[in-house]
Amino acid sequence: MDENTYKRPITSFRDLDVYQGTYQAMLVVMREVIPHLPTREQYDLTDQISRSSKAIPRLIAEGYGKRHQRAGFQKYLDDALAECNETIVSLEQAKDLYGIDGVLITKLVDVYDKSARQLYKLSQSWTNFKSKPVRIP
0 MDENTYKRPI
10 TSFRDLDVYQ
20 GTYQAMLVVM
30 REVIPHLPTR
40 EQYDLTDQIS
50 RSSKAIPRLI
60 AEGYGKRHQR
70 AGFQKYLDDA
80 LAECNETIVS
90 LEQAKDLYGI
100 DGVLITKLVD
110 VYDKSARQLY
120 KLSQSWTNFK
130 SKPVRIP
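Take the sequence shown: its letters are residues 0 to 136, numbered as in numbering that gives the first Met the number 0.
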């Protein structure tokens with residue numbers, strides 16, 4: 000059986016694969032992309048990539064805290080998905096405008112693209128889960 004067959008139960012936002020992936024990607028962005036951007040981009044592209052990549056795991060964590068509210072978790076997942084898309088565009092701009100390592104950027108874009116799909120599926124699953132009636136014995 001594959002490793003996904005017996006996943007641990009989700010007891011914290013830290014248990015979500017999408018949180019773990021986006022947190023690790025954010026560390027790579029901050030350590031390996033941001034330092035290589037020109038200083039003239041400090042208040043534009045650098046700030047944008049920094050803010051959007053850091054926002055994603057924060058939004059997932061905050062949304063998880065509101066998972067019992069009807070629309071709470073959904074809103075944060077939608078916002079995190081939008082930040083993934085924004086981060087992808089900013090990373091591609093860094094590569095195309097400033098020659099940041101193309102292999103690294105491609106790997107990061109793949110992580111954020113996968114994360115956006117995970118967020119969408121989590122959002123859909125959560126909507127379906129929350130809409131099922133609860134049976135009380």
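Here a beta-carbon is modelled for each residue, glycine too, at the ideal position from N, C-alpha and C.
Apart from the five residues on each side of it in sequence, which residues of its chain come closer than 6 Å, Cβ to Cβ, to K53?
-> Position 54 of the sequence shown, counted from the first residue, corresponds to residue 53. Here K53 has M25 as same chain residues with Cβ atoms under 6 Å from its own Cβ, once five neighbours each way along the sequence are excluded.
Quick check: the region 48-66 against the region 6-21, are there 3 or more CB pairs under 8 Å?
-> yes
Contact under 8 Å by Cβ, G20 with V110 | Translated into positions along the sequence shown, residue 20 becomes position 21. Translated into positions along the sequence shown, residue 110 becomes position 111. A contact, by the Cβ cut-off of 8 Å.
Quick one: is I86 buried, meaning 16 or more other Cβ sit within 10 Å of its Cβ, or exposed?
-> The residue labelled residue 86 in the question sits at position 87 within the sequence shown. In the sequence as presented, Ile is not what sits at residue 86; that position holds Thr. Flag for T86 reads buried.
In three-state terms, what does DSSP make of V133?
-> Walking along the sequence shown from the start, residue 133 turns up at place 134. A caution first: V133 carries a pLDDT of 47, below 50, which makes its placement in the model too unreliable to give a value.
So, L118 versus V17, is the Cβ gap smaller than 8 Å?
-> Here residue 118 refers to the residue found at position 119 when the sequence shown is read from its first residue. Here residue 17 refers to the residue found at position 18 when the sequence shown is read from its first residue. Yes, the pair counts as a contact, with Cβ atoms nearer than the cut-off.
Span of the alpha helix (DSSP H) holding A81?
-> Stepping through the sequence shown from its first residue, residue 81 is reached at position 82. Unbroken alpha helix (DSSP H) run through A81: 71-97.
Just confirm the distance between the C-beta atoms of I104 and A115, as a whole number of angstroms; I'd bet it's less than 8 Å.
-> Taking the first residue of the sequence shown as position 1, residue 104 is located at position 105. Taking the first residue of the sequence shown as position 1, residue 115 is located at position 116. Incorrect: roughly 16 Å between the Cβ atoms, too far for contact.
Going straight from the alpha carbon of L80 to that of I55, what length do you get?
-> Numbered from 1 along the sequence shown, position 81 holds the residue referred to as residue 80. Numbered from 1 along the sequence shown, position 56 holds the residue referred to as residue 55. Rounded to whole angstroms, the separation of the alpha carbons of I55 and L80 is 8 Å.
C-alpha distance - D46 paired with T38, whole-angstrom precision = Stepping through the sequence shown from its first residue, residue 46 is reached at position 47. Stepping through the sequence shown from its first residue, residue 38 is reached at position 39. Answer to the nearest angstrom: the Cα atoms are 11 Å apart.
L96: buried (16+ other C-beta within 10 angstroms of its C-beta) or exposed?
-> By 1-based counting over the sequence shown, the position of residue 96 is 97. By the 10 Å Cβ count, L96 comes out exposed.
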